[in-house]
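> Pasting in a structure now, in structure tokens, and then I'll have a few things to ask.
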Amino acid sequence: MSVITVKNLNFKYPQSNKAALFDVSFGIEKGSYVAVVGYNGCGKSTLARLLCGLEKADSGTIEIKENNRIGIVFQSPKDQLVSGLVSRDTAFGPQNLGLSESEVELRVIESLNIVDMLDRAGSSTSALSLGQTQKIALSGVIALRPEILILDEAVSMLDPESRSEILDFIRYWHKCGNTIIQITHDLETLKDADTVLGMEDGRVFFYGTQKAFLENRENIRRICGEDLPKNKRNFPVVECDAQRHVSKPPLETSLKIEKLTYVHDVVSKHPSDYSTTSGHGVFDINLDFYKGSLTALTGPSGAGKSTLMELCAGLLIPQSGEIKVAAGAGLSEKNSRPVLAQQNAQAALFEPFAADDVAFGARNRGLSGSQLIERVKTCMNQAALPFDQFGERRTFELSGGEQRRLAIAGILALDADVIMFDEPTAGLDSSARQEVMKLLRRLADEGKTVIFSTHKRDEADYADREIVIKNGRVESDTLDQVVKSDSTVVECDAQRRVSKPPKPPKPALSELPPSDSASLIAGLKKLSLGLSRSRRKKIAPVEKLPPALRILLFTILFVCSLAIRPLWLCVAALFTGLLYCILCGFSLKRLLIASLKILPFLLFFSIFQMIFHPALPDEVRYTSWKWFMVTPSKLLFCLAAIIRTDAALAFISGFFVSTPEYALMDGLNVLLTPLRLCRLPVRYLILVIEIIFRFIPLLVDEAVSILKTQTIRGGLGQVKGKIAKMKAVLPLIVPLIIQSIKRSEALADAITMRCFK
């Protein structure tokens, strides 16, 4: 019996000249496992959105049998998260189903345990790596217990061990009688399916059994491609001079890392968390990277690979250690700083058209006219994104794989000596993956230092060198024996060749400081952590109170601080506010700094008070000029206003540091119970507040991503000083508005698919 029937489906995105789907028809049997395969941009994700009801077809029909809930894991996992806390995000769907608290908690524990993220239940969702975010997105869907589970490249960013565990669960979920629709390019995942739906240019070119699909070798090559050739990793072979001695060392250091340590802010612990959490980052890293080499960084999600590359790109400020680069022509050269193609490709794009986005960095490096056009064409073609076909395409119309290739093209346009790629092939089809990996090899052969992170075994084996990172430390390095060589001159064999290179001489290296905008990035990240309550701190006395009582206490104190007028009461309110901050665990030093920052504004408004506030009869006038008059009563009134404002600031600061999002939601649920009993839509109000708490830190994180991209591509220039920092923020405004619209649309889709009505 067909659980899904699709007939003559047609769909085209607005402002697009090309149909995304054309005359698509098929049927899916209940309890089947369907693999949807095809190149990037062929319409797979569009089909998934239509099946979920997130898009409406231009023509054709989709019939889904009743009592079959659909759950989908989006290609971009950050688009799926609703709450700022891991456990609450997983609980969001079950709560919308009206389940009891005990059942919701049970589903949260089970779902997080399935994806091996139970130890991060109390973590902020903004503190997770992209692979960990993908796990949380899946746990939130699993918690709904959907009869139809759609997975849009849902394991593309996971390490092999995590990926294997998730695929085991999907097999189990299928055996329980549920229907699986898996969008994939992976041969292993394809073999789990019983049915294959092949798509090309928005059409179905194959629909049949998995056996029939795999019997056709052309299909396998077309969709899954071939494994990359394994690198034998023989040491470089060099010619000797007439005396049979090596005249030129084969390895030349271009990037050196010494005792590098960086620790991210430690995530917080929910009072009802199921386990403790710990800090993450990189610790005491010592590595040399060589010119003309291709190096793979491997290890579990969250191990520190992305952090290490961001440090090398100057985006983060290390707590200790040094990063050095080959001096060459000096650090004044624009290609001296390593550049990074970020893992989150969507956040790395901010120009409306593809060619303009690639040109952004090259233009900042001084290229213009025909040289710039030629550079853009070359880089887009190298990234398997032909300029003639994609140059005038809008970036938001591109598929996830096409966006990743476009981000790579933008980095290539910078023509740097050291190029880093964070998961460059995640979500790419076989053809694009082969092209990207061959591109990395060509760059290394041209003398570039190429570093990339990956979770794919054949990609790691394809590299000249593999460095395994776990828990922020280097666990193994295939080039250790070369680095530890103790000879400077090696005798050659009779053919005047040598298979073992000598120890490379110490190169001329210069210390590479963080980029000028690294402090601005750090400031925004600190703001994001503050908004998402991601800092660990001791539990203060006020935090031990029930959330509802905390809200009531704050409301009474805050309203009173605004309502009082006599100076002595304002002073009393200020001292009460200071005591409240201490009991909430908020630093009085931070409060003083915040008060000093707003003091100029308060003094400015005091001038208006001197004009509009009436003077008492017969009181002393210190000065008088037209409407402006300074008297004792006016001074006391302004002083009371300043003290009253500081008291209110103290109450606000203490409340928000002691009442994170989850406590605020729990407290409001209790306080609004009478309204709920009166059948008023309280859930909508709470959801709006929760979205605000989720969305504001999300926008700050989006600003950080855009700032990182513009820093890498040289779009910010010098940001030293307050005026320079204000100017640096201006280029972020338009991209941030665009990303805000995208995020709001994605959040609306996520809420819809998490059963909120």
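Position in the sequence shown (from 1) plus 3 gives the number in the numbering used here. The beta carbon of each residue, even a glycine, is placed where N, CA and C say it ideally should be. Computed from a predicted model, the values in this text were never measured in an experiment.
(1) Less than 9 Å between the beta carbons of L200 and A38, yes or no?
(2) In the DSSP output, what is W628 paired with across the bridge?
(3) Does the beta carbon of N181 sit closer than 9 Å to a beta carbon anywhere in chain B?
(4) Is the beta carbon of G295 less than 9 Å from the beta carbon of D171?
(5) Using DSSP's beta-bridge definition, name the partner residues of G450.
(6) Kindly indicate which three-state DSSP category L702 falls into: helix, strand or coil?
(7) Would you mind reading off the limits of the beta strand (DSSP E) that contains M423?
(8) So the candidates are A316, G475, T457; which of them puts its Cα closest to the Cα of R468?
(9) Can you tell me where the beta strand (DSSP E) with F25 in it begins and where it stops?
(10) When you compare only the Cα positions, how much space is there between K711 and A348?
(11) Taking the straight line between their C-alpha atoms, what separation do you get for P355 and A749?
(12) Looking at the secondary structure, which residues open and close the beta strand (DSSP E) in which D122 lies?
(13) Starting from the N-terminal side, write out each stretch of the beta strand (DSSP E) that is 3 residues or longer and does not extend beyond the stretch 278-359.
(14) Would you list the one or two residues that DSSP bridges to M202?
(15) If you run the structure through DSSP and keep just helix, strand and coil, what is T428?
(16) Any idea if P274 is buried or exposed, counting beta-carbon neighbours within 10 angstroms, 16 or more meaning buried?
(17) What is the rounded straight-line gap between the Cα of Y265 and the Cα of S126?
(18) What would DSSP say about R460, mapped onto helix, strand or coil?
(19) Under 9 Å, do A124 and Q137 count as touching if we go by C-beta distance?
(20) Provide the residue span of the beta strand (DSSP E) that contains T182, from first to last.
(21) Can you confirm whether the stretch 407-420 touches the stretch 22-32 when touching is taken to mean that 3 or more C-beta pairs between the two stretches lie within less than 8 Å?
(22) Closest to H283 by CA distance: which of A306, T301, K262 is it?
(23) Pick from S86, L154, L581, I645: whose alpha carbon is nearest that of I169?
(24) Any chance the stretch 596-603 sits against the stretch 666-673, with 3 or more Cβ pairs inside 8 Å?
(25) Any contact between the stretch 304-323 and the stretch 520-527? By contact I mean 3 or more CB pairs, one from each, below 8 Å.
(26) Please report how far the alpha carbon of A365 lies from the alpha carbon of K259, in whole angstroms.
(27) Among I655, F424, E395, which has the Cα closest to the Cα of N20?
(28) Just reading off the alpha helix (DSSP H) that K214 is part of, what are its end residues?
(29) Name the residue from F353, I610, M756 whose alpha carbon lies nearest to the alpha carbon of E705.
(30) How about A419 and P544: do their beta carbons lie closer than 9 Å?
(31) Taking the continuous beta strand (DSSP E) assigned at R468, which residues delimit it?
(32) By DSSP's criteria, I260 is part of a beta bridge. Which residues make up the other side?
(33) Alpha carbon to alpha carbon, how far is D189 from S490? Give it in angstroms, no decimals.
(34) Can you tell me whether DSSP reads E255 as helix, strand or coil?
(35) Whose CA, out of E400, V207, L141, V471, lies closest to the CA of A357?
(36) Going by DSSP, what residue range makes up the beta strand (DSSP E) through T93?
Short version:
(1) If you number the sequence shown from 1, residue 200 lands on position 197. If you number the sequence shown from 1, residue 38 lands on position 35. Contact flag set, yes.
(2) For the purposes of this step, residue 628 is taken as the residue at position 625 of the sequence shown. Beta-bridge pairing links W628 to F631.
(3) This model lacks chain B altogether, as it is built from one protein chain only.
(4) Residue mapping note: residue 295 aligns to position 292 of the sequence shown, counting from 1. Residue mapping note: residue 171 aligns to position 168 of the sequence shown, counting from 1. Taking 9 Å as the Cβ cut-off, G295 and D171 do not qualify as a contacting pair.
(5) In the sequence shown, counting from the first residue as 1, residue 450 sits at position 447. Partner(s): none; G450 has no beta bridge.
(6) On the sequence shown, position 699 is the one that residue 702 refers to. Helix.
(7) Translated into positions along the sequence shown, residue 423 becomes position 420. Segment 421-425, the beta strand (DSSP E) holding M423.
(8) Translated into positions along the sequence shown, residue 468 becomes position 465. By alpha-carbon distance to R468, the top candidate from A316, G475, T457 is T457.
(9) For this step, residue 25 is matched to residue 22 along the sequence shown. That run of the beta strand (DSSP E) goes 24-32.
(10) Your numbering for residue 711 matches position 708 in the sequence shown. Your numbering for residue 348 matches position 345 in the sequence shown. Rounded to whole angstroms, K711 to A348 spans 12 Å at the Cα level.
(11) For this step, residue 355 is matched to residue 352 along the sequence shown. For this step, residue 749 is matched to residue 746 along the sequence shown. Whole-angstrom Cα-Cα distance: 18 Å.
(12) Taking the sequence shown and counting its residues from 1, one reaches residue 122 at position 119. That residue, D122, is in no beta strand (DSSP E); it is neither H nor E in DSSP.
(13) The qualifying runs are 284-293, 297-301, 323-329, 342-344.
(14) Counting from one through the sequence shown, the residue named residue 202 turns up at place 199. Paired residues: G41, V207.
(15) Residue 428 sits at position 425 when you count from the first residue of the sequence shown. Secondary structure of T428 (DSSP, three-state): coil.
(16) Within the sequence shown, the letter at position 271 stands for residue 274. Caution applies to P274, whose pLDDT of 36 falls short of 50 and renders its modelled position unreliable; the value that the coordinates give is listed next. The residue in question, P274, is exposed, as its Cβ has fewer than 16 Cβ neighbours within 10 Å.
(17) Here residue 265 corresponds to residue number 262 of the sequence shown, with the count starting at 1. Here residue 126 corresponds to residue number 123 of the sequence shown, with the count starting at 1. Rounded to whole angstroms, Y265 to S126 spans 19 Å at the Cα level.
(18) Counting from 1 along the sequence shown, the entry for residue 460 is found at position 457. In the three-state reduction of the DSSP assignment, R460 falls in the helix class, which pools H, G and I.
(19) Here residue 124 corresponds to residue number 121 of the sequence shown, with the count starting at 1. Here residue 137 corresponds to residue number 134 of the sequence shown, with the count starting at 1. Taking 9 Å as the Cβ cut-off, A124 and Q137 do not qualify as a contacting pair.
(20) As a first step, residue 182 is located in the sequence shown; it is residue number 179 there, counting from the start. Per DSSP, the continuous beta strand (DSSP E) segment holding T182 begins and ends at 182-186.
(21) Judged by pairs of C-beta atoms under 8 Å, the stretch 22-32 does not touch the stretch 407-420, as fewer than three such pairs exist.
(22) In the sequence shown, the residue the question calls residue 283 occupies position 280. For the residues A306, T301, K262, the minimum Cα distance to H283 belongs to A306.
(23) Counting from 1 along the sequence shown, the entry for residue 169 is found at position 166. The residue with the shortest Cα to Cα distance from I169 is L154.
(24) At 8 Å Cβ cutoff, the stretches do not touch.
(25) In short, these stretches touch, since the Cβ pair count reaches three.
(26) Residue numbering aside, residue 365 sits at position 362 when the sequence shown is read from its first letter. Residue numbering aside, residue 259 sits at position 256 when the sequence shown is read from its first letter. As the crow flies, the alpha-carbon of A365 is around 26 Å from that of K259.
(27) Within the sequence shown, numbered from 1, the residue matching residue 20 stands at position 17. The shortest C-alpha separation from N20 is found at E395.
(28) Within the sequence shown, numbered from 1, the residue matching residue 214 stands at position 211. The continuous alpha helix (DSSP H) containing K214 extends over residues 213-218.
(29) Within the sequence shown, the letter at position 702 stands for residue 705. With distances taken between Cα atoms, E705 lies closest to F353.
(30) By one-based count along the sequence shown, residue 419 stands at place 416. By one-based count along the sequence shown, residue 544 stands at place 541. No, these two residues do not count as a Cβ contact at 9 Å.
(31) The residue given as residue 468 occupies position 465 in the sequence shown. Per DSSP, the continuous beta strand (DSSP E) segment holding R468 begins and ends at 468-473.
(32) Position 257 of the sequence shown, counted from the first residue, corresponds to residue 260. The partner list for I260 (beta bridge, DSSP) reads L290, I326.
(33) Looking up residue 490 in the sequence shown gives position 487. Looking up residue 189 in the sequence shown gives position 186. Confidence at S490 is low in this model, with a pLDDT of 38, below 50, so its placement is unreliable and the value that follows should be read with caution. Rounded to the nearest angstrom, the gap between the Cα atoms of S490 and D189 is 45 Å.
(34) For the purposes of this step, residue 255 is identified with residue 252 of the sequence shown, where counting begins at 1. The answer is coil: DSSP assigns E255 none of H, G, I, E or B.
(35) On the sequence shown, position 354 is the one that residue 357 refers to. Measuring C-alpha to C-alpha distances from A357 to each of E400, V207, L141, V471 identifies E400 as the nearest.
(36) To locate residue 93, count along the sequence shown from 1; it is residue 90. It is not in any beta strand (DSSP E) - T93 instead sits in the alpha helix (DSSP H) that spans 89-99.
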